[in-house]
Ligand SMILES: [Zn+2]
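In our numbering, the protein residues as written are 23 to 422.
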């Protein structure tokens with residue numbers, strides 16, 4: 023009996039080692055949850071419509087995205103150093119600017135400079151000076167496993183102004199996961215990227231072969247609406263694809279750098295959205311760049327001005343669970359729709375210009391009449407902050 027138990031133990035331990043030797047990302051599970059949500063069809067339709075409409079506005083400027091890294095630690099090793107965090111930010115600023123030395127892994131493929139840069143936030147949501155790093159001790163094992171069971175126990179900053187990255191214990195079978203923009207099944211407290219502490223950065227508690235910071239590059243790709251190159255499921259098939267024209271259709275996950283062919287073409291193994299080891303990766307394609315920038319312009323639009331908002335130190339309270347501002351862009355009247363307004367029906371609307379200067383304040387006492395009249399304002403980009411003393415939200419507005 024003892025022998026059988028020991029054998030069972032060894033087999034079980036062996037299978038865990040095998041599972042950990044392969045990259046696995048929790049995004050497919052996230053996608054599956056989203057596809058089962060009653061609002062899934064509306065979510066897909068709105069996204070496609072937004073992408074169709076934004077094409078004309080596409081620009082190619084460098085966008086600086088404020089980042090907050092939340093370190094949540096139960097074990098000492100999980101309380102990663104600031105040097106480890108900085109090493110990850112450095113990787114992002116190479117990978118998203120085509121400055122990584124290993125673009126050579128992608129020879130023959132499209133290699134894009136996405137023109138996203140990542141900066142640790144200099145202000146917290148209350149406007150106080152910040153390092154862009156929070157540290158929280160926990161007694162909960164697997165606090166960042168791929169479920170929303172513990173999401174409310176994790177600190178979170180306004181996802182409309184910051185890219186939240188939680189670095190913590192993600193459990194044994196995934197390296198990390200992320201939510202795509204406007205996922206219908208999550209709250210603002212969950213919107214961001216979750217990475218295991220030993221796959222984050224290039225120094226400190228990292229673990230080969232995921233020691234070059236590519237798990238975070240990969241997950242931020244998902245955060246900006248990229249799918250895995252084999253599509254959004256785990257069933258080997260040429261019927262599902264990532265919807266990007268310059269990444270060849272691929273049947274299934276790929277785990278190593280050897281040349282592979284599927285669906286009648288060579289697979290692009292160097293892509294950051296593969297499951298290959300960190301040192302095999304080297305590129306996003308131009309098609310992926312366009313998708314990520316469209317996702318930012320349409321669905322994470324206020325992030326591109328987050329750096330400015332940090333400087334103006336507009337303070338935040340709790341978020342309305344949903345804020346709509348439409349039609350946007352527009353010539354004159356903008357309608358505001360809020361969800362989860364609590365018990366207070368006195369709304370203050372503040373409009374800031376690109377220089378962070380307050381240009382208009384209005385107070386309304388009826389949620390159904392929440393309008394902003396910009397008819398006499400100069401054309402341009404503005405930020406609108408709506409608050410009722412209990413909740414608040416900041417949105418970008420374009421007057422043209
Ligand atoms: Zn993934």
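Every residue gets a Cβ at the ideal spot worked out from N, C-alpha and C, and that includes glycine.
Simplified DSSP assignment, three categories, for residue i
| i | result |
| --- | --- |
| residue 348 | strand |
| residue 420 | strand |
| residue 221 | helix |
| residue 312 | helix |
| residue 198 | strand |
| residue 186 | strand |
| residue 253 | strand |
| residue 318 | helix |
| residue 279 | coil |
| residue 288 | strand |
| residue 44 | coil |
| residue 192 | coil |
| residue 215 | strand |
| residue 414 | strand |
| residue 181 | coil |
| residue 75 | helix |
Per DSSP, cross-strand counterpart(s) of residue i
| i | result |
| --- | --- |
| residue 159 | 95 |
| residue 374 | 380, 405 |
| residue 358 | 347 |
| residue 293 | 305 |
| residue 423 | In the structure displayed, the chain extends from 23 to 422; residue 423 sits before or after that span and is not available. |
| residue 369 | 386 |
| residue 101 | Note: residue 101 sits in no beta bridge, so no partner. |
| residue 151 | 145 |
| residue 394 | 356 |
Nearest-angstrom Cα separation, counted from residue j out to residue i
| i | j | result |
| --- | --- | --- |
| residue 207 | residue 56 | 6 Å |
| residue 132 | residue 307 | 5 Å |
| residue 266 | residue 113 | 24 Å |
| residue 234 | residue 300 | 6 Å |
| residue 349 | residue 321 | 14 Å |
| residue 238 | residue 110 | 8 Å |
| residue 16 | residue 353 | The structure shown has nothing for residue 16, since the chain only spans 23 to 422. |
| residue 14 | residue 247 | Residue coverage of the chain in this structure runs from 23 to 422, which leaves residue 14 outside it and unanswerable. |
| residue 344 | residue 283 | 44 Å |
| residue 59 | residue 379 | 40 Å |
| residue 335 | residue 324 | Low confidence applies to residue 335: its pLDDT is 40, below 50, so where it sits in the model is not reliable, and the reading given next is rough at best. Computed Cα separation, rounded: 15 Å. |
| residue 276 | residue 198 | 17 Å |
| residue 294 | residue 149 | 35 Å |
| residue 67 | residue 73 | 10 Å |
| residue 261 | residue 292 | 22 Å |
| residue 367 | residue 399 | 27 Å |
| residue 250 | residue 167 | 20 Å |
| residue 420 | residue 123 | 38 Å |
| residue 125 | residue 302 | 10 Å |
| residue 358 | residue 134 | 37 Å |
| residue 47 | residue 196 | 5 Å |
| residue 297 | residue 169 | 21 Å |
| residue 101 | residue 371 | 40 Å |
| residue 108 | residue 280 | 32 Å |
| residue 405 | residue 383 | 12 Å |
(request) Indicate whether the contact test is met: 3 or more Cβ pairs, each with one atom in the stretch 54-68 and one in the stretch 110-120, closer than 8 Å. (result) no
(message) I'd like to know if the stretch 85-99 and the stretch 136-153 are in contact, where contact means that at least 3 CB-CB pairs between them fall below 8 Å.
(response) yes
(request) Determine, using beta-carbon pairs with one atom in the stretch 212-227 and one in the stretch 186-202, whether at least three such pairs fall under 8 Å. (result) yes
(request) Evaluate the contact criterion for the stretch 227-237 versus the stretch 263-272: three or more CB pairs, one atom per stretch, below 8 Å. (result) no
(request) Would you check if there are 3 or more beta carbon pairs closer than 8 Å linking the stretch 190-198 to the stretch 302-319? (result) no
(request) Would you list the residues whose beta-carbon is nearer than 7 Å to any heavy atom of ligand 1, in the order they occur in the chain? (result) 47, 49, 240, 241, 244, 250, 295
(request) Report yes or no: do the stretch 86-104 and the stretch 150-163 share at least 3 C-beta pairs separated by less than 8 Å? (result) yes
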